[in-house]
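**Student:** For the protein sequence lines, the chains are B and E, in the order given. Numbering-wise, the first sequence is residues 522 to 843 according to my numbering. Numbering-wise, the second sequence is residues 4 to 344 according to my numbering. All residues carry an ideal CB built from backbone N, CA and C; glycine is no exception.
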Amino acid sequence: MSALLEVANLKKYFPVRGGLLNRRLDDFRAVDDVSFALQHGKTLGLVGESGSGKTTIGKCILRLLEPTAGSIRYAGADITHIKARDLRRLRSDIQMIYQAPAASLNGRMTVGQIIGEPLWIHESLKGNAARDRVLELMHVVGLKEEHYYRYPHEFSGGQQQRIGIARALAVQPRLLVLDEPTSALDVSVQAQILNLLQDLQDRFDLTYLFISHDLGVVRYMCDEVALLYLGKIVEVAATDVIFEQPKHPYTQALISAIPEPDPDVQREEIILTGDLTLATGGGCPFAPRCHAQKLSQCETLPPPLLTIEPRHAVACHLHVDA
Amino acid sequence: MTDLLNIENLHLEFDTYDGLVKVLAGVDLSMRRGDVLGLVGETGCGKSMTALSVPRLIPMPPGRITAGRVRFNGEDILNKSESDMEAFRARHLGMIFQDPVTNLNPLFTIREQLVDAVLYQRAGGKKVPGRWRGFAASARQLRKEAHERAVELMRLTGIPDGDKRIYDYPHQFSGGMRQRVLIAMALAGDPDLLIADEPTTALDVTIQAQILRLIRSLVSQLGLTVLLITHNLGVVARSCERVAVMYAGRVIEEAPVRELFRNPKHPYTRGLIAAVPQKEVTRGGLAGIPGMIPNLIDPPSGCRFHPRCQHTMAVCRQTVPTPVPVGEQHTTACYLYEAEG
Numbered sequence: 522m523s524a525l526l527e528v529a530n531l532k533k534y535f536p537v538r539g540g541l542l543n544r545r546l547d548d549f550r551a552v553d554d555v556s557f558a559l560q561h562g563k564t565l566g567l568v569g570e571s572g573s574g575k576t577t578i579g580k581c582i583l584r585l586l587e588p589t590a591g592s593i594r595y596a597g598a599d600i601t602h603i604k605a606r607d608l609r610r611l612r613s614d615i616q617m618i619y620q621a622p623a624a625s626l627n628g629r630m631t632v633g634q635i636i637g638e639p640l641w642i643h644e645s646l647k648g649n650a651a652r653d654r655v656l657e658l659m660h661v662v663g664l665k666e667e668h669y670y671r672y673p674h675e676f677s678g679g680q681q682q683r684i685g686i687a688r689a690l691a692v693q694p695r696l697l698v699l700d701e702p703t704s705a706l707d708v709s710v711q712a713q714i715l716n717l718l719q720d721l722q723d724r725f726d727l728t729y730l731f732i733s734h735d736l737g738v739v740r741y742m743c744d745e746v747a748l749l750y751l752g753k754i755v756e757v758a759a760t761d762v763i764f765e766q767p768k769h770p771y772t773q774a775l776i777s778a779i780p781e782p783d784p785d786v787q788r789e790e791i792i793l794t795g796d797l798t799l800a801t802g803g804g805c806p807f808a809p810r811c812h813a814q815k816l817s818q819c820e821t822l823p824p825p826l827l828t829i830e831p832r833h834a835v836a837c838h839l840h841v842d843a
Numbered sequence: 004m005t006d007l008l009n010i011e012n013l014h015l016e017f018d019t020y021d022g023l024v025k026v027l028a029g030v031d032l033s034m035r036r037g038d039v040l041g042l043v044g045e046t047g048c049g050k051s052m053t054a055l056s057v058p059r060l061i062p063m064p065p066g067r068i069t070a071g072r073v074r075f076n077g078e079d080i081l082n083k084s085e086s087d088m089e090a091f092r093a094r095h096l097g098m099i100f101q102d103p104v105t106n107l108n109p110l111f112t113i114r115e116q117l118v119d120a121v122l123y124q125r126a127g128g129k130k131v132p133g134r135w136r137g138f139a140a141s142a143r144q145l146r147k148e149a150h151e152r153a154v155e156l157m158r159l160t161g162i163p164d165g166d167k168r169i170y171d172y173p174h175q176f177s178g179g180m181r182q183r184v185l186i187a188m189a190l191a192g193d194p195d196l197l198i199a200d201e202p203t204t205a206l207d208v209t210i211q212a213q214i215l216r217l218i219r220s221l222v223s224q225l226g227l228t229v230l231l232i233t234h235n236l237g238v239v240a241r242s243c244e245r246v247a248v249m250y251a252g253r254v255i256e257e258a259p260v261r262e263l264f265r266n267p268k269h270p271y272t273r274g275l276i277a278a279v280p281q282k283e284v285t286r287g288g289l290a291g292i293p294g295m296i297p298n299l300i301d302p303p304s305g306c307r308f309h310p311r312c313q314h315t316m317a318v319c320r321q322t323v324p325t326p327v328p329v330g331e332q333h334t335t336a337c338y339l340y341e342a343e344g
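(1) Can you find the residues in the same chain that come closer than 8 Å, C-beta to C-beta, to residue 260(E), ignoring five residues on each side of it along the sequence?
(2) Starting from the beta carbon of residue 279(E), find every residue of chain B whose beta carbon is closer than 7 Å, and list them in chain order.
(3) How long is the line joining the alpha carbons of residue 843(B) and residue 267(E), rounded to whole angstroms?
(4) Exposed or buried, residue 628(B), counting other C-beta atoms within 10 Å across all chains shown (16 or more means buried)?
(5) Could you list which residues in chain E have their beta carbon closer than 7 Å to that of residue 726(B), in chain order?
(6) By Cβ distance, which residues of its chain are closer than 8 Å to residue 279(E), with the 5 residues on each side in sequence left out?
(7) Tell me where the alpha helix (DSSP H) around residue 763(B) begins and ends.
(8) When you compare the CB positions of residue 579(B) and residue 752(B), do they come within less than 8 Å of one another, or not?
(9) Any beta-carbon of chain B closer than 8 Å to the one on residue 245(E)?
(10) Excluding five sequence neighbours on each side, which residues of the same chain lie with their C-beta closer than 6 Å to the C-beta of residue 160(E)?
(11) List the DSSP bridge partners of residue 535(B).
(12) Just to confirm the assignment, what range does the alpha helix (DSSP H) spanning residue 725(B) have?
(13) Are three or more beta carbon pairs between the segment 770-783 of chain B and the segment 816-832 of chain B nearer than 8 Å?
(14) Nearest by alpha-carbon distance to residue 558(B): which of 669(B), 567(B), 550(B) is it?
(15) Looking only at DSSP bridge pairs, what is residue 261(E) linked to?
(16) Mind checking if residue 237(E) is an interface residue toward chain B, Cβ cutoff 8 Å exclusive?
(17) With which residues is residue 568(B) paired in a DSSP beta bridge?
(18) When you compare each of 746(B), 585(B), 684(B) to residue 569(B) by their alpha carbons, which one comes out closest?
(19) Run down chain B in chain order and give the residues with a C-beta less than 9 Å from the C-beta of residue 45(E).
(20) So the alpha helix (DSSP H) residue 50(E) belongs to, where does it begin and stop?
(21) Identify every run of the alpha helix (DSSP H) within the segment 4-88 of chain E, keeping only runs that are complete inside it and at least 4 residues long; order them along the chain.
(22) Counting only beta-carbon separations shorter than 8 Å, does residue 111(E) have a partner in chain B?
(23) Could you pull out every residue in the same chain whose Cβ sits closer than 8 Å to the Cβ of residue 344(E), ignoring the five residues on either side in sequence?
(24) Among all the DSSP beta bridges, which residues are the ones paired with residue 250(E)?
(25) Mind reading off the beta-carbon distance from residue 727(B) to residue 697(B)? Whole number of angstroms is fine, and I expect it under 8 Å.
(26) If we cut at 8 Å on Cβ distances, does residue 561(B) have a partner in chain E?
(27) Could you check whether residue 306(E) and residue 323(E) sit closer than 8 Å to each other, using their CB atoms as the reference points?
(28) On the three-pair Cβ rule with 8 Å, is the segment 732-751 of chain B touching the segment 684-693 of chain B?
(29) By DSSP, does residue 812(B) sit in helix, in strand, or in coil?
(30) When DSSP labels each residue in this structure, what does residue 841(B) get in the three-state scheme?
(31) Please name the residues in the segment 542-560 of chain B whose beta-carbon is closer than 8 Å to at least one beta-carbon of chain E, in chain order.
(32) Applying the criterion that 16 or more other CB atoms from any shown protein chain within 10 Å of the CB defines a buried residue, is residue 709(B) buried or exposed?
(33) Can you tell which of 283(E), 252(E), 284(E), 248(E) has its C-alpha closest to the C-alpha of residue 270(E)?
(34) Return helix, strand or coil for residue 106(E), following the three-state DSSP convention.
(35) With a threshold of 16 other CB atoms inside 10 Å of the CB of residue 528(B), please say whether the residue is buried or exposed.
(36) Please list the residues of the segment 204-224 of chain E that have a C-beta atom closer than 8 Å to any C-beta atom in chain B, keeping them in chain order.
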């Protein structure tokens, strides 16, 4: 079975300018050689702290950002450099849902207009036909008919996120890039939205790329998880493998840092020192914060992402021989 | 032993364009010296407002306290004059907030801000001697001592190379380090009570773990009393001894942390705990709470949770339940337990 989405050696560098004549001094490597594949109907979680490059990957897939290098294949076709005309067709297949529901909805448009706009752009639907489709979509995401003429500010955060989901579903996408869809919401509302997303996935046969920093949510939503650290994948495996047998020291620390709502959870707490800073030298990016036993090559040689078991890859010098 | 902090039947309203918002409707809360109390609830439940009523930082107007008392060490603080209040804040309270970026002035070095905090709290809220008065030997001595205290505070809060980094500007610090600076500032006057309003919400999980560990170690080192406000039940489970759960302007359940998670009584608390994705929950198994938080301009009658509750009885719609004991140090305001109490 071929994957719906394949990302190979994706790089996105942002120029760091400065000095006389605003010259390009250096590159900020937001995404540095990332590869993964996403199977049809599955959910892949991209997890990392702020600055790890997870949102940049999502934007590159939608071609909202131009990748510096690498390739992105969607349904077997290379979409890394396709032209603007083909891009429009692609964007009805791949849609994105954003973190801040209020900021991603136009405050001067009614709910009906917001959800109806993609129908008009992609399918030239207008009038009653569009209205019927919009009402159907609103019903699907749990909005009521009387919400049609209301404005986004009249809704709570959870309801606004439902509007965003309905807008994304309007063009019948196959792949949804969900960028922190619930991190602005309260837990009781977050549970509602997560359940809605799972229902929609089953109902419309959707594939999700789920970007999040919340490991608890990722454990609930995803089939597979990729952990990012400073633009590189450090570990990727099936969700239960990541949570039961994490191999990379960063994964272990991150899992131990999840605040579980259970005071009886006894576990070894790994507290990392320092924060996400750029590693100097050519070694492992995580080396300055690593709590595991250090090898001589950690500081000098970047560890390659190696498959240690079927469908489990780790980028760590400690797991090279395994 | 008397309570360090005692909030009794506090009612707070806000005048807005849309109408009168009844933000707090009878909050009861008490803390003893050495307590670490978590105040939990969702957006708009009044947890921050309850905490801000202690330093009296609620803007009035539009805010208005219509009933209730806030006592600190037995003293009623709602009747204090503004100048007494300033001295009170400087001597007894420390506060840290959610956003470590906006709470530091980007134009001054950490040294200037920390030294100011130390001098302010030493002076008991009186005006800090200006830099131009630094010619006097006594003022120079004061600033020198304050500088030493500032470096000491940075060491206490785990900022490496405090004696050098104190000359840096806030933008040279990362989010976690800035939060440490703010904690150092809050501790400058050896406060009796530290109010931490969502101190880790803006931070990454690994940094959050560092800050929570720091707060825990400060509690054991300095015997701090901490009121920790958060929406994250996991943070509470990790760092508090006692928890009070708020919903729509009232405390609806209060218990020691283990008891609350093991044996939650109020339907809202149960829903809240069930809504957090935990290890055992499999696909489709996550339970949310139906509906959404009520509009506090026109709050539901009786128990404010009744429109979302699965166990609503006739009495729930009519009168407000009072807290009843349901276990050791465990109270909940719900009519389901009235008979037992």
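**Tutor:** Result, derived from the coordinates:
(1) The residues are 41, 239, 240, 243, 244, 245, 246.
(2) Chain B residues near residue 279(E): 708, 737, 782.
(3) Interpretation of residue 843(B) is limited by its pLDDT of 48, a score under 50 that renders its predicted location unreliable; the figure taken from the coordinates is listed afterwards. Between the alpha carbons of residue 843(B) and residue 267(E) lies a gap of roughly 45 Å.
(4) Under this definition residue 628(B) is an exposed residue.
(5) Around residue 726(B), no beta-carbon contact reaches into chain E at under 7 Å, the shortest distance being about 16 Å.
(6) Result list for residue 279(E): 236, 237, in chain order.
(7) Note, residue 763(B): alpha helix (DSSP H), 760-765.
(8) With respect to residue 752(B), residue 579(B) sits apart: the two C-beta atoms are not nearer than 8 Å.
(9) Not closer than 8 Å to any Cβ of chain B, the Cβ of residue 245(E) fails to qualify, so no.
(10) The beta carbon of residue 160(E) is closer than 6 Å to those of 183, 186, 187 in its chain, skipping five residues each way along the sequence.
(11) According to DSSP, residue 535(B) bridges with 549(B).
(12) Segment 708-725, the alpha helix (DSSP H) holding residue 725(B).
(13) A contact between stretches requires three or more CB pairs, one per stretch, nearer than 8 Å, and the segment 770-783 of chain B fails this requirement with the segment 816-832 of chain B.
(14) Residue 567(B) holds the alpha-carbon nearest to the alpha-carbon of residue 558(B) among 669(B), 567(B), 550(B).
(15) Per DSSP, none; premise fails for residue 261(E).
(16) Cβ-Cβ to chain B under 8 Å: yes for residue 237(E).
(17) The partner list for residue 568(B) (beta bridge, DSSP) reads 733(B), 748(B).
(18) Per the Cα distances, 746(B).
(19) By Cβ distance, chain B contributes 707, 708, 709, 710.
(20) Residue 50(E) -> alpha helix (DSSP H) spans 50-55.
(21) Counting whole runs of 4 or more residues, the segment 4-88 of chain E contains the alpha helix (DSSP H) stretches 50-55.
(22) No - not a single Cβ of chain B is within 8 Å of the one on residue 111(E).
(23) In this prediction, residue 344(E) has a pLDDT of 45, which is less than 50 and means its spatial position is unreliable; what the coordinates show is noted afterwards. The answer, listed in chain order, is 327, 328, 329.
(24) Partner(s): 253(E).
(25) Indeed they touch by this definition, with Cβ atoms about 6 Å apart.
(26) Under the Cβ distance rule, residue 561(B) does not count among the residues neighbouring chain E, no pair being separated by less than 8 Å.
(27) Cβ distance < 8 Å, so residue 323(E) and residue 306(E) count as in contact.
(28) Counting Cβ pairs under 8 Å, fewer than three are found: no touch.
(29) Coil.
(30) Correct three-state label for residue 841(B): coil.
(31) Those residues of the segment 542-560 of chain B that come within reach of chain E (Cβ to Cβ, closer than 8 Å) do not exist; the list is empty.
(32) Burial call: buried.
(33) Ranking 283(E), 252(E), 284(E), 248(E) by CA distance to the CA of residue 270(E) puts 248(E) first.
(34) In the structure shown, residue 106(E) sits in coil (DSSP, three-state: anything other than H, G, I, E or B).
(35) By the 10 Å Cβ count, residue 528(B) comes out buried.
(36) From the segment 204-224 of chain E, only 207, 208, 209, 210, 211, 212, 213, 215, 216 have a Cβ closer than 8 Å to chain B.
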